[in-house]
Amino acid sequence: MPALRLEGQPVTIDDVVAVADGATVELAPDVVDTIARSRRVVESVQQSGSAVYGLNTQLGAGRDTLVAADEIAAFQNRVIDNHRGSIGDPLAEREVRALVLARVVGFSLGGSGVRPELADAYARLLDGGPLPEVYTTGSVGASDLALLAEVAAHVRDTLPFGAGEALAAISANSFSIGVGALAISDLRALVDESDAVAALSLEALGAVGSGGSLAPFDPRVHARRSAGRQQTARTILARVAGGLLDDAGRTASVQDPLSFRTVPQVHGALRDAIALAAAAVEAELNTAADNPLVVLDESEAGGALVSNGNFEPLGLVLALESLRVAVAHAAGISERRIAVLSGLATPLRRAGRNTVPGLTWYAAADMLAEVRHLANPVSASGTTLSEVEDQASFAPLAVRLLQRQVLLHRQILAVEALHAAELVASLDEAPTLGRGTRDLAAELVERIGHLDTGRNLVAHAVKAVSSAGERDSIDQ
-1 MPALRLEGQP VTIDDVVAVA DGATVELAPD VVDTIARSRR VVESVQQSGS AVYGLNTQLG
59 AGRDTLVAAD EIAAFQNRVI DNHRGSIGDP LAEREVRALV LARVVGFSLG GSGVRPELAD
119 AYARLLDGGP LPEVYTTGSV GASDLALLAE VAAHVRDTLP FGAGEALAAI SANSFSIGVG
179 ALAISDLRAL VDESDAVAAL SLEALGAVGS GGSLAPFDPR VHARRSAGRQ QTARTILARV
239 AGGLLDDAGR TASVQDPLSF RTVPQVHGAL RDAIALAAAA VEAELNTAAD NPLVVLDESE
299 AGGALVSNGN FEPLGLVLAL ESLRVAVAHA AGISERRIAV LSGLATPLRR AGRNTVPGLT
359 WYAAADMLAE VRHLANPVSA SGTTLSEVED QASFAPLAVR LLQRQVLLHR QILAVEALHA
419 AELVASLDEA PTLGRGTRDL AAELVERIGH LDTGRNLVAH AVKAVSSAGE RDSIDQ
């Protein structure tokens, strides 16, 4: 896997995913020079004796208390140790790598004022060495202090921190940005999977019932509408192409239930929300959020250290909050399609011919209730933590709730796919399915009846749907 070379270019969500999956990181000479220039500004200010937060003063409520020059080194260790307050389950390795990358990118922008060797030490964490163990809970979204302190403690074992570097190492929203990028990537895949399953359900509705109209996906309906909506309509048509719904002589009901008819509107809104959230994540990833912030210029001093509030990522959080609402709507119409398909499968259950347990629908309804609950806002849940830290975005919680939604939504889609595949397989004469659904249906039908519990069925269906979404997105 090629290395990600940081040379001043914008870093993307795909870059974060690549590093999370094992790519290494290199700092280009120009970036190293920027970091060195930034550090010289910090050292110049330190020598001047001017009081600067976290450089030669204590933190938080002690912001106006100076740290003696001979205590600076010990102060770095105290800052790191005092902030190691995260608890809960350890982050997955991919998540730790994404978090570390986000901090390395921050260092590369020159706003942190760290030494080049510290930035390089962080980059080397991604080069096959042992990763720090970072715990899930402990950040309120005003910099991921407690989580980043675990990384700093790990690096400190091999490289002492210089003046101001302990604060620079932890003063960033690296979890919210890095792991948020991974969640966005998962959602990009999830919306493709949602389209694939909705297309299969539409075909089941047409094969067993009287529905399956393609009129709601006509490109003329979506002219001048959002990009996400147009893409969903286009991909549904592509997935059913060549199948039973593509028969020009076929007669369908004049209108299908809304959960089928409004797929472009709902899935399209989710696509649009993903695009907005992705832009917000990449904006935070590629801008410095350090406090104090090193601002470089061409003056004799080379720049200045400026106190600020860039660590407040409310714009990012609001995008994630909106995205979680969109996920709830997409999961909701999936559950409603399950209800329709379950009704069509009633004769199978009465005859004892079904192999998908009918109450998997209830499991989907249970999961949907949780998905909807997780859509509630958390950014308005701020609390005062000290006399100065009186605003917090709760960005990490917003990301964790989104991750949970993705997991649940995937299982709801799996239940829908199982219902659709069983209906298609129940017909005496197998219908011809579209190019974007036939492989998914075939894989599910092969497994239905060979797995003994609803849990096993759904677990397999999640994998099958994921493969179908990936395959279809590549084909298009």
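Residue numbers (the numbering used here): -1 to 474.
Backbone N, C-alpha and C fix where the C-beta goes; we use that ideal spot for every residue, glycine too.
Contacting residues, own chain, Cβ-Cβ under 6 Å from residue i (five flanking each side not counted)
{"i": "R347", "result": "G356"}
{"i": "T22", "result": "A1, L124, D125"}
{"i": "V94", "result": "L129, V132"}
{"i": "G178", "result": "V279, V397"}
{"i": "V153", "result": "A119"}
{"i": "G476", "result": "Nothing can be reported for residue 476, as the shown portion of the chain is limited to -1 through 474."}
Residue(s) in a DSSP beta bridge with residue i
{"i": "P88", "result": "Y133"}
{"i": "R3", "result": "E24"}
{"i": "L64", "result": "T55"}
For residue i, three-class secondary structure by DSSP
{"i": "V304", "result": "strand"}
{"i": "V506", "result": "Examination of residue 506 is not possible in this model, given that the chain is present from -1 through 474 alone."}
{"i": "H448", "result": "coil"}
{"i": "E427", "result": "coil"}
{"i": "V77", "result": "helix"}
{"i": "G109", "result": "coil"}
{"i": "G226", "result": "helix"}
{"i": "H220", "result": "coil"}
{"i": "V14", "result": "helix"}
{"i": "A462", "result": "helix"}
{"i": "L312", "result": "helix"}
{"i": "P114", "result": "helix"}
{"i": "A343", "result": "coil"}
{"i": "E441", "result": "helix"}
{"i": "A276", "result": "helix"}
{"i": "P158", "result": "coil"}
{"i": "S192", "result": "helix"}
{"i": "L123", "result": "coil"}
{"i": "P214", "result": "helix"}
{"i": "G247", "result": "coil"}
{"i": "A239", "result": "coil"}
{"i": "F258", "result": "helix"}
{"i": "V338", "result": "helix"}
Own chain residues within Cβ distance below 7 Å of residue i, not counting five before or after
{"i": "V30", "result": "P114"}
{"i": "V65", "result": "N54, T55, Q56, F73"}
{"i": "G452", "result": "P355, T358, A361"}
{"i": "S169", "result": "S141, D288, N289, F309"}
{"i": "L25", "result": "L4, S106, A117, D118, A121"}
{"i": "D28", "result": "E5, G6"}
{"i": "I175", "result": "A100, V279, E282, L283"}
{"i": "Q474", "result": "Residue placement at Q474 cannot be trusted, given a pLDDT of 49 that sits under 50; what the coordinates show is reported in the next sentence. Closer than 7 Å at Cβ, skipping near neighbours: T233, A236."}
Per-residue burial, residue i [other beta carbons within 10 Å of its own, 16 or more giving buried]
{"i": "P394", "result": "buried"}
{"i": "V252", "result": "exposed"}
{"i": "A59", "result": "exposed"}
{"i": "R101", "result": "buried"}
{"i": "A246", "result": "exposed"}
{"i": "L425", "result": "exposed"}
{"i": "T270", "result": "It is Asp, not Thr, that sits at residue 270 in the sequence shown. So D270 ends up on the buried side."}
{"i": "E441", "result": "buried"}
{"i": "I78", "result": "buried"}
{"i": "G160", "result": "buried"}
{"i": "R351", "result": "exposed"}
{"i": "T171", "result": "Reading the sequence as shown, one finds Asn at residue 171 and not Thr. That one is buried."}
{"i": "S211", "result": "buried"}
{"i": "T32", "result": "buried"}
{"i": "A164", "result": "buried"}
{"i": "T249", "result": "exposed"}
{"i": "S46", "result": "exposed"}
Sequence-distant residues of the same chain with beta carbon closer than 8 Å to residue i, five excluded per side
{"i": "V404", "result": "A181, D184, L185, L188, V325"}
{"i": "L342", "result": "A202, L203, V206, G207, L421"}
{"i": "E390", "result": "A small correction: the amino acid at residue 390 is Ala; Glu does not occupy that position in the sequence shown. Around A390: V138, G139, A140, G380, T381, L383."}
Interface flag, residue i vs chain D, CB-CB below 8 Å
{"i": "A179", "result": "The chain labelled as chain D is not found in the depicted structure, where only one protein chain is given."}
At a cut of 8 Å, does the stretch 147 to 162 reach the stretch 426 to 440 through at least three beta carbon pairs?
no
Is it a yes or a no for the stretch 165 to 185 touching the stretch 266 to 284, going by three-plus beta-carbon pairs under 8 Å?
yes
Cβ contact (3+ pairs, closer than 8 Å) linking the stretch 362 to 371 and the stretch 332 to 347
yes
Using a Cβ distance threshold of 8 Å, determine whether the stretch 187 to 206 contacts the stretch 244 to 262, with at least three qualifying pairs required.
yes
contact_flag[the stretch 222 to 231, the stretch 259 to 274] where n(CB pairs < 8 Å) is 3 or more
yes
With a cut-off of 8 Å, do at least 3 Cβ pairs link the stretch 103 to 117 to the stretch 283 to 296?
yes
Tell me whether the stretch 431 to 448 and the stretch 190 to 198 touch, counting them as touching only if at least three CB pairs, one residue from each stretch, are closer than 8 Å.
yes
Across the stretch 213 to 223 and the stretch 452 to 465, are there enough close Cβ pairs to call them in contact, namely three or more that are closer than 8 Å?
no
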